[in-house]
Amino acid sequence: MSRSRPTRKQETLPARDYHATVVNPDDGIEIAITVMQPALAAGERAPLILHGHGFGGTRLTDREQPSVYESLSGGPLPSSEAARRAANAGYFVISFDQRGFGESGGHVHIMDPDIEGGDISAILDWAEHDMAHGDRLARRDGRLVAGALGLSYGGGFQMIGAAVDSRFAAIVPTATWHDLRYSLAPDNVVKTAWGSGLVALGLPTSGMDLDPIMYHALLQGLASPLTGRGVSDRVAQRLYDHSPASFFDADAAHEAERVDPRPERGPPRVDALILQGVGDTLFNLNEGVASANALRAAGNDVHLVAMRHGHSLPFLEDIDRIAYQTDAHLDWGDQRVETAAFELAWLDWKLKGEAPRTDFPHTLVILDDDTQLAMDELPVARERTLEFEGQAATGGLDLLKGVFRENTLGGLWHLVAETSSKATELVKRWLDSDPDGRVEHDTALLAKLVNALPADRVDELASGGVFLPVQTIADDNQALIGLPTVEIDVKGGGPSPVAFVGIGIQRPGVSSTLLVNKQLRPIRGAGRRTLELNGIATRVYEGDTVGLLVYGYHPQYLASFSALPGHINVEGRLGLPLVALPGSA
11 MSRSRPTRKQ ETLPARDYHA TVVNPDDGIE IAITVMQPAL AAGERAPLIL HGHGFGGTRL
71 TDREQPSVYE SLSGGPLPSS EAARRAANAG YFVISFDQRG FGESGGHVHI MDPDIEGGDI
131 SAILDWAEHD MAHGDRLARR DGRLVAGALG LSYGGGFQMI GAAVDSRFAA IVPTATWHDL
191 RYSLAPDNVV KTAWGSGLVA LGLPTSGMDL DPIMYHALLQ GLASPLTGRG VSDRVAQRLY
251 DHSPASFFDA DAAHEAERVD PRPERGPPRV DALILQGVGD TLFNLNEGVA SANALRAAGN
311 DVHLVAMRHG HSLPFLEDID RIAYQTDAHL DWGDQRVETA AFELAWLDWK LKGEAPRTDF
371 PHTLVILDDD TQLAMDELPV ARERTLEFEG QAATGGLDLL KGVFRENTLG GLWHLVAETS
431 SKATELVKRW LDSDPDGRVE HDTALLAKLV NALPADRVDE LASGGVFLPV QTIADDNQAL
491 IGLPTVEIDV KGGGPSPVAF VGIGIQRPGV SSTLLVNKQL RPIRGAGRRT LELNGIATRV
551 YEGDTVGLLV YGYHPQYLAS FSALPGHINV EGRLGLPLVA LPGSA
């Protein structure tokens, strides 16, 4: 156990950044950290913030430099920017290479509470007892005042860390998971596109030291057309055990019947500001809602921001970044503020006790550049009254139909023309920009060129899909915001059919059917069931026709589809979270 340091005179403290290592006493693994020390007046104390990077990333090396994710994706990300600013705003900030990444030892266990959770506790212990000027850490009722920032995997460390260590008072997880089984294999249909991407992303900075569970899940997913199933129960159990869901009531966990619950675990007592992307195809909005609901049920104060974007698959989604994008600004009361400033103001409130100038909304939905809505709760369409019925191709047959349909050559020509026009305009704008700033924006240009393909047309050509209309919008100033639900009966399609469903919009004058926010929910097997579909947030206009899009194949799931091509018949009822916008009659 680390020794307590003697009290010494608390002199003026200068700002400085330095590197150190923390040893996990359970297994001797060293975790590399950067300490960003604040400038403090004599006698002044400061709370502690831990900052974690995304999967495949590395820590912040000082308060000025961008992270690896920011350099590769095309610019600052709010969670990293908030951490840098915190170091200049009266916080001790420790940014760390998570186990197996960067300069830290060990291999990646995908946030095992007993292993990575131990690393987090070891960092907090080191800060309290061994860090230079650790006596200047703020305390409340004799306890360390600690918070956390980070996105994706850096959000996962916060949820798991707060569950295993009670010293966290406030966390700001951005775009992270609630239940990894739902994240990576909803209804046991593996997201093989994301699985391949995560393995590829994690290899360079981990030295190939990834948990075998990653490879097992990916291989089982790739073999699913032959096996007729997704991941094994053993893999599902591991994914669940490494999820915040395992610390809450098992009834709140997705598909809890496939795993053994963990009654010895209890929910964390920590306030949270959760930011989750509506367009996130890895950790969708439902995961943020599930975490928020579970934390609130445990008595915590939780605020939820539904951003527009999040994790994205290159070529399949229309964003301006590579792999990840968050909203840089949001509306807070009557002010437009940077998201990083919003996060830091929330931590100032929770960790420093500084009352905000404007109340933080319980739920904030960023619909578009001009429209953001503060709500008490995110709507859930529990009433399913819109009937649908139709037939869809499954598996390879849907893919073949997409390739060989009559308009494929014309569609490809339009795709190439649209992509070329968009790319040309991007390059022209870059050439017309200030030459001194071009190097800084090189990665941003690359990100935009990668995503120059019109995603809606890619969906149409690569996936096909059947649109089953249910409602025509009669007025403007409305939006679909929240969680749709569906009661659906699937018949036919062989022994283990796989289908993918999402909300679609057919818009007058637009040839492609829009898959709303690129959100798909897979369904494995026949029969009737009631499902919560992926959360959405999009405007609708007079004349739009809204319905259910049913795919037998989609590139988001790449190698996960029915082994035997055929057809399924679907019928049921759909619930849509249709919301009137401010200013509507």
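Residues 11 to 595, numbered by my numbering, are exactly what the sequence shown covers, in order.
We treat Cβ as the ideally placed atom computed from N, Cα and C, and that holds for glycine.
Bounds of the beta strand (DSSP E) holding residue 281 are 281-287. Leaving aside the five residues that flank residue 366 on each side, the residues in its chain whose CB is nearer than 7 Å to its CB run, in chain order, 355 and 359. In this structure residue 247 does not touch residue 200 by the C-beta definition: roughly 16 Å separates them, more than the 8 Å allowed.
Around the beta carbon of residue 335, a 10 Å sphere encloses 16 or more other beta carbons of the protein chains shown; the residue is thus reported as buried. For residue 560, the enclosing beta strand (DSSP E) has its first and last residue at 555-561.
Secondary structure of residue 46 (DSSP, three-state): strand. Counting the other CB atoms within 10 Å of its CB gives residue 338 a total below 16, which places it among the exposed residues. In terms of Cβ geometry, residue 557 and residue 530 do not form a close pair [threshold 7 Å]. Here the alpha carbons of residue 98 and residue 150 stand approximately 22 Å from one another. For residue 342, the enclosing beta strand (DSSP E) starts and ends at 339-342. Scanning its chain for C-beta atoms nearer than 6 Å, with the 5 sequence neighbours on each side dropped, one finds around residue 399 the residues 581, in chain order.
When only Cα atoms are considered, residue 516 and residue 578 end up about 22 Å apart.
The alpha-carbon separation between residue 208 and residue 494 amounts to approximately 28 Å. One Cα belongs to residue 477, the other to residue 95, and the distance between them is close to 47 Å.
Going by beta carbons, residue 543 and residue 496 fall inside the 7 Å limit. Contact between residue 202 and residue 570 holds: their C-beta atoms lie close to 5 Å from each other, under 8 Å. Taking all protein chains shown into account, residue 304 has 16 or more neighbouring C-beta atoms within 10 Å of its C-beta and is therefore buried. Remark: C-beta atoms of residue 105 and residue 61 approach each other more closely than 7 Å. Your pair residue 159 and residue 297 does not check out as a contact, with CB atoms roughly 18 Å apart and the cut at 8 Å. With a contact defined as Cβ atoms closer than 8 Å, residue 222 and residue 156 miss out at about 32 Å.
The residue among 165, 555, 280 and 88 with its C-alpha nearest the C-alpha of residue 175 is 280. Cα atoms of residue 587 and residue 319: separation of roughly 19 Å, rounded to the nearest angstrom. Taking 7 Å as the cut-off, the beta carbon of residue 32 is found no closer than this to the beta carbon of residue 170. Distances from the alpha-carbon of residue 313 to those of 321, 301, 322 and 324 put 301 closest. Here residue 161 is near residue 89, since their CB atoms are less than 7 Å apart. Taking residue 585 as reference, the option from 481, 549 and 576 with the minimal CA-CA separation is 481. Proximity of the segment 364-380 to the segment 113-121 falls short of the contact definition, fewer than three beta-carbon pairs being nearer than 8 Å. Listed in chain order, the non-local C-beta contacts of residue 361 below 7 Å within the same chain comprise 57, 155, 157, 179 and 180, local neighbours out to five positions each way being set aside. For residue 222, the enclosing alpha helix (DSSP H) begins and ends at 222-232. Cβ-Cβ separation between residue 405 and residue 563: approximately 6 Å, consistent with a contact (criterion under 8 Å). Nearest Cα to residue 277 within the set 123, 486 and 59: 123. Remark: C-beta atoms of residue 286 and residue 295 approach each other more closely than 7 Å. Your pair residue 483 and residue 550 checks out as a contact, with CB atoms roughly 5 Å apart and the cut at 8 Å.
Secondary structure of residue 513 (DSSP, three-state): strand. Residue pairing by DSSP places residue 169 opposite no residue, since no beta bridge is assigned to it. For the segment 17-100, the continuous beta strand (DSSP E) assignments of 3+ residues that do not extend past its boundaries occur at 26-33, 40-47 and 58-62, in sequence order.
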